[in-house]
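**Student:** One structure is given below, represented as structure tokens, and several questions about it will come after.
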Amino acid sequence: MTDEDRVARVRELLESVRAEGRTALTAPEGRVVADAYGIAVPGEELARDVDEAVAAAARLGGPVVLKIVSPDILHKTEAGGVVVGVEGADRVRAAFHEIVGNARAYDAGARIEGVLVQELLPAGQEVIVGAVTDPAFGKVVAFGLGGVLVEVLRDVTFRLAPVSADEALSMLDSIRAAGILRGVRGRAGVDRWAVAEQIRRVSRLVADFPEIGEVDLNPVIATDRGAVAADIRIILAERQPAPRRTYGREEILASMRRLMHPRSVAVIGASNEPGKIGNSVLRNLLDGGFAGDIYPVNPRADDILGRKAYRSVADVPGEVDVAVFAIPARFVAAALEEAGRKGIPNAVLIPSGFAETGEHALQAELVEIAERHGVRLLGPNIYGYYSTWQDLCATFCTPYDVKGPVALTSQSGGIGMAVLGFARTTRTGVSAIVGLGNKADLDEDDLLTWFGEDPHTECVAMHLEDLKDGRAFVAAAREVVPKKPVVVLKAGRTAAGARAAGSHTGALAGDDAVYDDILRQAGVIRAPGLDDLLEYARALPVLPTPEGDNVVIITGAGGSGVLLSDAVTDNGLSLMEIPPDLDEAFRRFIPPFGAAGNPVDITGGEPPATYEATIRLGLADPRVHALVLGYWHTIVTPPMVFAELTARVVAEFRERGVRKPVVASLAGDVEVEEACRYLFERGVVAYPYTTEKPVAVLGAKYRWARAAGLLRGGS
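What the sequence shown shows, in the working numbering, is residues 1 to 715, in sequence order.
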């Protein structure tokens, strides 16, 4: 069967199902789809009466499974419509009458088309292969342990559909029970290629037919000789999502360049009155030192904060790159129309009162105006944005001018202010801070595309509550991740799985489960909380990229060493097995009551020279790829003495071209706080009072390095 014939055959079937007003395919219809796409299923026949069932069972030979066939009964087991292991004419007759009776009792009005007589598959590992339509990512394919416990165990992984053969194989290793599939306690492993092919073919099916909402192969019986779907369930989507306006990469970069590097900014709603948003925005632009032209717009003023004011943006002379709107929501549409006619490419919509308050029509009107005139919208319902390298502070919030390598975005104004406060407290240099709000137009993939090319940005950190176009985000992330880390804090983790679903796969595909796997598939680092997002953003540009997996802990306190070891394991890192020659070298600096191995415990009473010597050993040995330092405050080696010697040694090795990530946990009195600040400023990521945080940051750096394909060495 050619590809064209296969698609045409399935298309005709789906159209007939839809014409009957149905959304669920029957088992025989599912078999037609399976045959067209090469999805392995057992031998089966549809019996419309008991005599046909007996004859079908005889032809199939051996024990069979009987299943009710009804377009009105989706969950056959719940209806008592399945009997397994039936053999012999008398038992087939009895089972036929039993399941038909059960089905009528379950739903007296259900249409019953017959009973499916199916070959009984041999015992094997039950897995589930499925696909579902995610609101953000579209078609995603799922794989996990199957059978009746699938929704209890929830050991499932997801990928964007369609998947390649290699991606399908990777899914087998991505579930917690991956070892079972490889074989345990003398039991043979499954035919991995056969299972992966079931995944790949299902993914191809849903990619070819967007109208398919959910697919469920559950269970798939996997053995060392193959993988066969014992049951196939296909559900059509009730409606297709409305098409979304999309922009090409060059279009995005062109508009974002004028937004982030504007030559001129107009403030629509600028005001002389302190406390007004229009006053705050204009004052921030003026006081921030923006070198471009600034145009206040207000029909009731001639002069605002010493600048000539214009009655309309249409009256502004020359080109305007950005119009910042600081007027009530009800006036925005008319002003946006004027901005569009003037050819302004970017509108920054600060006002609230749109979709977030139920005013969807008002927001849709803005989108229509903007698309008609080619204006990109940032917002509405935002605090504005900062582009520090341009001395641009287009916001009504407090100014911020510490230039640096981190781009920060947030969907929430409150989170945006937390970002600002953290940056100020830690003196984190930023390239930009951008509010996204309702994301009527510009969203994370637009910003990510820009920050990926921005020479001032070395790390991108994003808070988001949802993704408007998850596939566009993944595409942008895959372009950026090989060059710089992307960190995401996805809010709403506990809402997963809340919606009703027609299949096991649908029930398992809660928002968070899909986000977690697909963000990882894209190489994005997911932060578990806001503090983690900010600390990762602050620390990742500081840490050099590791060249391999070998991590060594050097600690002055045995208890800290144990906790640091736990943190290394928790963050997916590998403690190096210390070679005998390196072990002997470390032992020369460790007192008899200390401990070599890994962690290297030098004990707390050792002088600064012991810390320095062991750190030098770890940096000098090319087999060691990263150091985790555990410091314990003593008078023998005070905190600042430890910080100064560590920073000096690390700097010395970096001058020699040895750039390994070094993180440190400092336990002690309040002096350790100053020591951590000193270390951080000199390229050693250090935290007081915690063993978890420095290793978590190191783990994030490793996750990015793996995703970017930058790890070269090994044990």
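From the three backbone atoms N, C-alpha and C, an ideal C-beta is built for every residue, glycine too. On a predicted model such as this, the values are computed, not experimentally measured, just so you know.
Could you tell me which residues DSSP pairs with Asn550 in its beta bridges?
**Tutor:** For the purposes of this step, residue 550 is taken as the residue at position 550 of the sequence shown. Looking at the DSSP assignment, Asn550 forms a beta bridge with Ser574.
**Student:** From Glu273 to Lys342, what distance separates their C-alpha atoms?
**Tutor:** For the purposes of this step, residue 273 is taken as residue 273 along the sequence shown, with counting starting at 1. For the purposes of this step, residue 342 is taken as residue 342 along the sequence shown, with counting starting at 1. The alpha-carbon atoms of Glu273 and Lys342 are separated by roughly 27 Å.
**Student:** What residue range is occupied by the uninterrupted alpha helix (DSSP H) comprising Leu121?
**Tutor:** By 1-based counting over the sequence shown, the position of residue 121 is 121. Per DSSP, Leu121 belongs to no alpha helix (DSSP H) and is neither H nor E.
**Student:** Determine the closest residue to Gly30 out of Leu14, Glu20, Gln521, with distance taken between C-alpha atoms.
**Tutor:** As a first step, residue 30 must be located in the sequence shown, where it is residue number 30. Residue Leu14 is the option with its Cα nearest to Gly30.
**Student:** Extract the residue ranges of the beta strand (DSSP E) inside the region 108 to 188, only unbroken runs of 3 or more that lie entirely within it.
**Tutor:** Correct list: 114 to 119, 125 to 134, 138 to 145, 156 to 160.
**Student:** Tell whether a beta-carbon distance below 9 Å holds between Val649 and Val663.
**Tutor:** Your numbering for residue 649 matches position 649 in the sequence shown. Your numbering for residue 663 matches position 663 in the sequence shown. No; because the gap between Cβ atoms is not below 9 Å, this pair is not in contact.
**Student:** Quick check on DSSP: helix, strand or coil for Leu305?
**Tutor:** For the purposes of this step, residue 305 is taken as the residue at position 305 of the sequence shown. Correct three-state label for Leu305: coil.
**Student:** Shortest alpha-carbon distance to Leu679 belongs to which of Val697, Pro639, Thr26?
**Tutor:** Counting from 1 along the sequence shown, the entry for residue 679 is found at position 679. The option with the nearest alpha carbon to Leu679 is Pro639.
**Student:** Kindly give me the distance between the Cβ atoms of Pro219 and Glu78, rounded to whole angstroms, as I take these residues to be in contact under 8 Å.
**Tutor:** Position 219 of the sequence shown holds residue 219. Position 78 of the sequence shown holds residue 78. Actually they do not touch by this definition, with Cβ atoms about 16 Å apart.
**Student:** Counting along the chain, where does the beta strand (DSSP E) carrying Tyr383 start and finish?
**Tutor:** For the purposes of this step, residue 383 is taken as residue 383 along the sequence shown, with counting starting at 1. No beta strand (DSSP E) contains Tyr383, which DSSP labels as neither H nor E.
**Student:** Check whether the Cβ atoms of Ala270 and Gly523 sit closer than 9 Å, and answer yes or no.
**Tutor:** Start at 1 with the first residue of the sequence shown, and residue 270 comes out as number 270. Start at 1 with the first residue of the sequence shown, and residue 523 comes out as number 523. No. Outside cutoff.
**Student:** Should Ile635 go down as buried or exposed, given a rule of 16 or more other Cβ atoms within 10 Å for buried?
**Tutor:** For the purposes of this step, residue 635 is identified with residue 635 of the sequence shown, where counting begins at 1. With fewer than 16 other Cβ atoms within 10 Å, it is exposed.
**Student:** Have a look at Gly699 and Arg654 and give me their C-alpha separation to the nearest angstrom.
**Tutor:** Within the sequence shown, numbered from 1, the residue matching residue 699 stands at position 699. Within the sequence shown, numbered from 1, the residue matching residue 654 stands at position 654. Distance between the alpha carbons of Gly699 and Arg654: 21 Å.
**Student:** For the candidate residues Leu205, Val129, Lys468, whose alpha-carbon lies nearest to that of Asp3?
**Tutor:** For this step, residue 3 is matched to residue 3 along the sequence shown. Asp3 has its Cα closest to that of Leu205, out of Leu205, Val129, Lys468.
**Student:** For Phe158 and Ala142, which I take to be in contact (beta-carbon distance under 8 Å), what is that distance rounded to the nearest angstrom?
**Tutor:** In the sequence shown, residue 158 corresponds to position 158, counting from 1. In the sequence shown, residue 142 corresponds to position 142, counting from 1. Contact flag correct, Cβ pair sits at about 5 Å.
**Student:** Distance, Cα to Cα, Ala347 vs Leu540?
**Tutor:** If you number the sequence shown from 1, residue 347 lands on position 347. If you number the sequence shown from 1, residue 540 lands on position 540. For Ala347 and Leu540, the distance between alpha carbons rounds to 32 Å.
**Student:** Buried or exposed for Gln240, please, with buried defined as at least 16 other CB atoms from any protein chain shown within 10 angstroms of its CB.
**Tutor:** In the sequence shown, counting from the first residue as 1, residue 240 sits at position 240. Gln240 is exposed by the Cβ-count criterion.
**Student:** Between the alpha carbons of Val481 and Gly683, how many angstroms are there, rounded?
**Tutor:** One-based indexing of the sequence shown puts residue 481 at position 481. One-based indexing of the sequence shown puts residue 683 at position 683. Answer to the nearest angstrom: the Cα atoms are 22 Å apart.
**Student:** Just the Cα atoms here: how many angstroms apart are Asp446 and Ser431?
**Tutor:** In the sequence shown, counting from the first residue as 1, residue 446 sits at position 446. In the sequence shown, counting from the first residue as 1, residue 431 sits at position 431. Between Asp446 and Ser431, the C-alpha separation is close to 16 Å.
**Student:** If you drop the 5 nearest sequence neighbours on each side, which residues of the same chain put their C-beta closer than 7 Å to that of Thr395?
**Tutor:** Walking along the sequence shown from the start, residue 395 turns up at place 395. Contacts found: Val281, Asn284, Tyr383, Gly384, Tyr385, Tyr386.
**Student:** Nearest to Tyr295 by alpha carbon, out of Val7, Asp321, Thr646?
**Tutor:** On the sequence shown, residue 295 is found 295 positions in, with the first residue counted as 1. Ranking the options by Cα distance to Tyr295, first place goes to Asp321.
**Student:** Hey, out of His261, Ala47, Val100, Thr555, whose CA is closest to Pro455's CA?
**Tutor:** Residue numbering aside, residue 455 sits at position 455 when the sequence shown is read from its first letter. The residue with the shortest Cα to Cα distance from Pro455 is His261.
**Student:** Please state whether DSSP places His463 in a helix, a strand or coil.
**Tutor:** Counting from one through the sequence shown, the residue named residue 463 turns up at place 463. Strand, per DSSP.
**Student:** Leaving aside the five residues before and after Arg249 along the sequence, list all residues of the same chain whose C-beta is less than 7 Å from its C-beta, in chain order.
**Tutor:** Indexing the sequence shown from 1 puts residue 249 at position 249. Closer than 7 Å at the Cβ level, and outside the excluded window around Arg249, lie Thr449.
**Student:** Could you tell me the boundaries of the alpha helix (DSSP H) in which Tyr37 lies?
**Tutor:** Mapped onto the sequence shown, residue 37 falls at position 37. Note, Tyr37: alpha helix (DSSP H), 27 to 37.
**Student:** In the DSSP output, what is Pro580 paired with across the bridge?
**Tutor:** Counted from its first residue, the sequence shown places residue 580 at position 580. Per DSSP, none; premise fails for Pro580.
**Student:** What are the start and end residues of the beta strand (DSSP E) that includes Glu44?
**Tutor:** The residue labelled residue 44 in the question sits at position 44 within the sequence shown. Per DSSP, Glu44 belongs to the beta strand (DSSP E) from 44 to 47.
**Student:** Under 6 Å Cβ to Cβ from Glu45, same chain only, skipping five residues before and after it: list those, please.
**Tutor:** Looking up residue 45 in the sequence shown gives position 45. Closer than 6 Å at the Cβ level, and outside the excluded window around Glu45, lie Ala56, Val117.
**Student:** Express the C-alpha separation of Ile553 and Leu646 in angstroms, rounding to a whole number.
**Tutor:** If you number the sequence shown from 1, residue 646 lands on position 646. If you number the sequence shown from 1, residue 553 lands on position 553. This sequence places Thr at residue 646; Leu is not what is there. Taking the straight line joining both Cα atoms gives about 14 Å.
**Student:** Report all residues from its chain with a CB closer than 7 Å to the CB of Gly714; omit the five preceding and five following residues, and keep chain order.
**Tutor:** Along the sequence shown, one-based indexing puts residue 714 at 714. Unreliable positioning characterises Gly714 in this predicted model, as indicated by a pLDDT of 41, which lies under 50. The coordinate reading is nonetheless provided below. Result list for Gly714: Gly548, Asp549, in chain order.
**Student:** Going by DSSP, which residues form a beta bridge with Ala323?
**Tutor:** By one-based count along the sequence shown, residue 323 stands at place 323. Paired residues: Ala266, Ala347.
**Student:** Suppose you measure from the CA of Arg225 to the CA of Arg233; what does that come to, to the nearest Å?
**Tutor:** For this step, residue 225 is matched to residue 225 along the sequence shown. For this step, residue 233 is matched to residue 233 along the sequence shown. C-alpha separation (whole angstroms): 24 Å.
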